[in-house]
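Quick mapping for you: the protein sequence lines, in order, are chains Y and X. Residues 35 to 146 (our numbering) are what the first sequence spells out, left to right. Residues 7 to 121 (our numbering) are what the second sequence spells out, left to right. Glycine included, each C-beta is placed from N, C-alpha and C at the ideal position.
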Amino acid sequence: QQPVQSPQAVILREGEDAVINCSSSKALYSVHWYRQKHGEAPVFLMILLKGGEQKGHEKISASFNEKKQQSSLYLTASQLSYSGTYFCGTPIITGTASKLTFGTGTRLQVTL
Amino acid sequence: DTGVSQDPRHKITKRGQNVTFRCDPISEHNRLYWYRQTLGQGPEFLTYFQNEAQLEKSRLLSDRFSAERPKGSFSTLEIQRTEQGDSAMYLCASRSRVSSYNEQFFGPGTRLTVL
């Protein structure tokens with residue numbers, strides 16, 4: 035099942051902070067975050083791993099609560115370039131494949 | 007590293023026609039994925055290759071869809087007898103064999119419009 039993201043959309047002024055949440059009905063072993071600008075490919079931002087290890091982006095941080103099956107992405111001091119749609123992705127491993135199931139998306143718009 | 011490339015970027019076709027898309031992954035990435043994305047939705051998994059072997063196909067991939075990766079490098083996705091419901095963005099992603107984090111790098115996509 036598809037992870038659910040909240041909010042669906044958010045408008046910020048440059049310099050403001052935002053939090054994007056991702057909830058899954060299934061156990062999570064890792065959570066991936068991507069940002070997609072209109073008409074472009076999704077761009078990898080960050081991975082949150084079970085056990086706390088993360089690999090990611092300079093000015094964007096995230097948390098991963100395994101018990102609650104949730105992840106949150108924190109954008110601080112937002113910049114105009116942060117605008118886009120943010121997707122969380124949860125891997126589903128079948129055999130040797132590790133495909134991503136993407137969330138419902140959060141559209142972020144940063145204005146002056 | 008030139009990234010994942012896809013061709014064409016846009017394709018408009020009439021219902022019933024066949025179309026073929028190409029994906030060139032990042033060199034030496036042995037794993038390749040195809041996803042489909044409709045407006046306002048996240049990408050949905052279609053199929054997965056490890057080298058030249060197609061190891062998994064989604065139920066979304068009807069028998070009108072076929073994908074190949076003959077030499078373990080570029081891949082093609084063909085849709086036969088296109089339907090209006092096939093209109094979507096088709097994304098290709100690749101992943102390194104040494105990646106322990108399953109980072110997938112996406113291409114710019116091919117936007118298909120079926121009239």
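Please name the residue, chosen from the options, that lies closest to residue i on a Cα-to-Cα basis.
i, options, result
"X:Leu-1", "X:Phe-71, X:Ile-32, X:Thr-88", "Only positions 7 to 121 of chain X appear in this structure, which leaves residue 1 of chain X out of reach."
"Y:Leu-114", "Y:Phe-78, Y:Gln-103, Y:Gly-137, Y:Lys-71", "Y:Lys-71"
"X:Asp-69", "X:Gly-78, X:Gln-60, X:Gln-86", "X:Gln-86"
"Y:Glu-100", "Y:Thr-138, Y:Gln-36, Y:Tyr-108, Y:Cys-56", "Y:Cys-56"
"X:Gly-78", "X:Arg-101, X:Val-25, X:Gln-23, X:Phe-71", "X:Arg-101"
"Y:Gln-36", "Y:Leu-142, Y:Cys-122, Y:Ala-52, Y:Thr-110", "Y:Cys-122"
"X:Ser-93", "X:Gln-110, X:Gln-43, X:Pro-14", "X:Gln-43"
"X:Phe-27", "X:Ile-18, X:Pro-14, X:Gln-56", "X:Pro-14"
"X:Gln-23", "X:Gly-113, X:Phe-112, X:Gln-90, X:Thr-53", "X:Gln-90"
Can you tell me the Cα-Cα spacing of residue i and residue j, whole angstroms?
i, j, result
"X:Gly-115", "Y:Tyr-120", "17 Å"
"X:Thr-82", "Y:Leu-79", "27 Å"
"Y:Thr-145", "X:Glu-58", "46 Å"
"Y:Gly-102", "X:Arg-75", "Just to set this straight, residue 102 of chain Y is Lys in the shown sequence, not Gly. Computed Cα separation, rounded: 39 Å."
"Y:Ser-112", "Y:Arg-47", "8 Å"
"Y:Ser-214", "Y:Ile-81", "Outside the displayed range of chain Y (35 to 146) lies residue 214 of chain Y, so it cannot be described from this structure."
"Y:Ser-97", "X:Glu-50", "24 Å"
"Y:Ser-59", "Y:Gly-137", "12 Å"
"Y:Gly-118", "X:Gln-12", "21 Å"
"Y:Ile-94", "Y:Leu-107", "7 Å"
"Y:Ala-43", "X:Glu-34", "37 Å"
Could you pull the DSSP bridge partners for residue i from this structure?
i, result
"X:Asp-30", "X:Ser-11"
"X:Tyr-54", "X:Tyr-39, X:Glu-62"
"X:Thr-82", "X:Arg-28, X:Glu-74"
"X:Leu-118", "X:Lys-17, X:Ala-94"
"Y:Asn-55", "Y:Ser-40, Y:Ser-106"
"Y:Thr-145", "Y:Arg-47"
For residue i, count neighbouring Cβ atoms within 10 angstroms of its own Cβ and tell me buried if that reaches 16, exposed if not.
i, result
"Y:Glu-74", "exposed"
"X:Ser-118", "The question names Ser, but residue 118 of chain X in the sequence shown is Leu. So X:Leu-118 counts as buried."
"Y:Pro-41", "exposed"
"Y:Tyr-68", "buried"
"X:Leu-66", "exposed"
"X:Gly-46", "exposed"
Subject >> Three CB pairs or more closer than 8 Å across the region 94-101 of chain X and the region 24-40 of chain X >> reply: yes
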